[in-house]
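S.K.: Heads up: the sequence shown begins at 548 in the numbering used here, then just goes up one per residue. Where is the CB? At the ideal position from N, CA and C, for every residue including glycine.
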Amino acid sequence: MAGTVYLVGAGPGTPDLLTLRAARLLKRADIVFYDALVHPDTLALADKSEKIAVGKRCGRHSTAQRFINKRLVDAAQKHELVVRLKGGDPLLFGRAQEEIDELTAAGIRFEIVPGITAALAASAAVGTSMTRRGLSRNVAFVTPRTGAGEEGHDWAQTVLAADTCAIYMGVGEAAAIAVMLLARGASSDLPVVIVENASLPGERCLRMRLADLGSAAASGITGPAIILIGEVYAQASPASTACKLAERARAA
Ligand code: SAH
Numbered sequence: 548m549a550g551t552v553y554l555v556g557a558g559p560g561t562p563d564l565l566t567l568r569a570a571r572l573l574k575r576a577d578i579v580f581y582d583a584l585v586h587p588d589t590l591a592l593a594d595k596s597e598k599i600a601v602g603k604r605c606g607r608h609s610t611a612q613r614f615i616n617k618r619l620v621d622a623a624q625k626h627e628l629v630v631r632l633k634g635g636d637p638l639l640f641g642r643a644q645e646e647i648d649e650l651t652a653a654g655i656r657f658e659i660v661p662g663i664t665a666a667l668a669a670s671a672a673v674g675t676s677m678t679r680r681g682l683s684r685n686v687a688f689v690t691p692r693t694g695a696g697e698e699g700h701d702w703a704q705t706v707l708a709a710d711t712c713a714i715y716m717g718v719g720e721a722a723a724i725a726v727m728l729l730a731r732g733a734s735s736d737l738p739v740v741i742v743e744n745a746s747l748p749g750e751r752c753l754r755m756r757l758a759d760l761g762s763a764a765a766s767g768i769t770g771p772a773i774i775l776i777g778e779v780y781a782q783a784s785p786a787s788t789a790c791k792l793a794e795r796a797r798a799a
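#1: Taking 7 Å as the cut-off, is the beta-carbon of S746 closer than that to any non-hydrogen atom of the ligand SAH?
#2: Could you pull the DSSP bridge partners for L753 from this structure?
#3: How is T561 classed by DSSP in three states: helix, strand or coil?
#4: From which residue to which residue does the alpha helix (DSSP H) around G614 run?
#5: Please report the residue range of the beta strand (DSSP E) in which E720 lies.
#6: In whole angstroms, what separates the C-alpha of A733 from that of L584?
#7: Taking only the alpha-carbon atoms, compute the straight-line gap between A665 and G635 and give it to the nearest angstrom.
#8: For the candidate residues A722, L760, F580, A668, whose alpha-carbon lies nearest to that of L747?
#9: Given the structure, does P559 come close to the ligand SAH, in the sense that its CB is under 7 Å from one of the ligand's heavy atoms?
#10: Cα separation between Q782 and A722?
#11: For C605, which residues of its own chain have a beta-carbon under 6 Å away from its beta-carbon, when the five flanking residues on both sides are left out?
#12: Indicate whether the contact test is met: 3 or more Cβ pairs, each with one atom in the stretch 646 to 661 and one in the stretch 671 to 686, closer than 8 Å.
#13: Between the Cα of Y780 and the Cα atoms of G699, S670, I599, which residue gives the shortest distance?
#14: Closest to G662 by CA distance: which of I647, G641, E645 is it?
#15: Return the first residue and the last residue of the beta strand (DSSP E) that R575 is part of.
#16: Within this structure, are the beta carbons of L728 and L707 separated by less than 8 Å?
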């Protein structure tokens with residue numbers, strides 16, 4: 548008898564942004580395969596399960612995706628309730644489809660439990676709506692990152708076409724992103740916010756214009772960070788308490 552694999556979103560970081568369904572499944576899980584960005588307190592909810600780290604963080608050593616796919620199938624053949632815990636939402640930039648395809652091919656039952664994606668937690672930190680009447684009617688989730696052996700894609704075109712945009716896995720190449728967008732005709736005045744550690748105690752919101760995005764590398768960003776771009780971020784809307792505190796601390 549094969550068990551069920553749950554692809555579960557762990558949310559952006561802080562454990563209390565986990566869904567109730569995710570918490571219940573963790574509590575009952577026999578085995579949990581988790582990513583690098585999952586908070587230790589979230590993982591601790593799985594108090595009776597075996598826990599296996601398969602995470603990746605910016606090119607550092609990580610378990611090969613094909614091996615993870617296989618381990619999920621193997622685990623489902625031994626256990627009733629298998630959780631594959633991923634940061635944010637499992638269906639955004641989480642390679643979930645490769646796992647879904649493998650489980651489907653092996654005839655293993657699976658379910659997906661959504662989570663709060665980093666872009667939404669980041670915009671919440673900034674205190675700004677990603678859509679706004681008359682100003683922003685669409686939101687793009689984009690990454691400039693391409694996998695090994697993959698063809699490049701025109702991410703800049705997507706950013707330029709979107710009213711509001713969240714760039715995942717882009718802070719490390721912020722300078723190149725800025726150069727590309729400016730070369731393709733984006734305004735140097737376009738409002739940009741980099742949100743680091745959204746929802747976590749070390750949360751920081753760095754507001755700038757596109758022209759200054761290139762110098763972001765100098766801001767000492769070490770945590771997970773996302774780049775928000777769009778006119779909606781122009782107004783100095785009151786940021787959330789966490790960001791305000793962080794900004795005040797930096798100013799002091
Ligand atoms: N599935 C995840 C995204 C995985 S890709 C989700 O839905 O959020 C990993 C990227 O997400 C990071 O490189 C970073 O750009 C972003 N990210 C994840 N957690 C974050 C956080 N707490 N604050 C800011 N960005 C974050």
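M.R.: Let me lay it out:
#1: yes
#2: According to DSSP, which records beta bridges pairwise, L753 is partnered with I741.
#3: T561: coil per DSSP, three-state reduction.
#4: Note that residue 614 is Phe in the sequence shown, not Gly. Run containing F614: 612 to 625, per the alpha helix (DSSP H) assignment.
#5: Per DSSP, E720 lies in no beta strand (DSSP E) segment and is marked neither H nor E.
#6: 32 Å
#7: 6 Å
#8: Nearest option by C-alpha distance: A668.
#9: It does: the Cβ of P559 is within 7 Å (strictly closer) of some heavy atom of the ligand SAH.
#10: 24 Å
#11: Residue confidence is low: C605 scores 45 on pLDDT, short of 50, so the model does not pin down where it sits. No coordinate-derived value is stated.
#12: no
#13: Considering only alpha carbons, the answer is S670.
#14: G641
#15: Segment 567 to 575 is the alpha helix (DSSP H) holding R575; no beta strand (DSSP E) there.
#16: Taking 8 Å as the Cβ cut-off, L728 and L707 qualify as a contacting pair.
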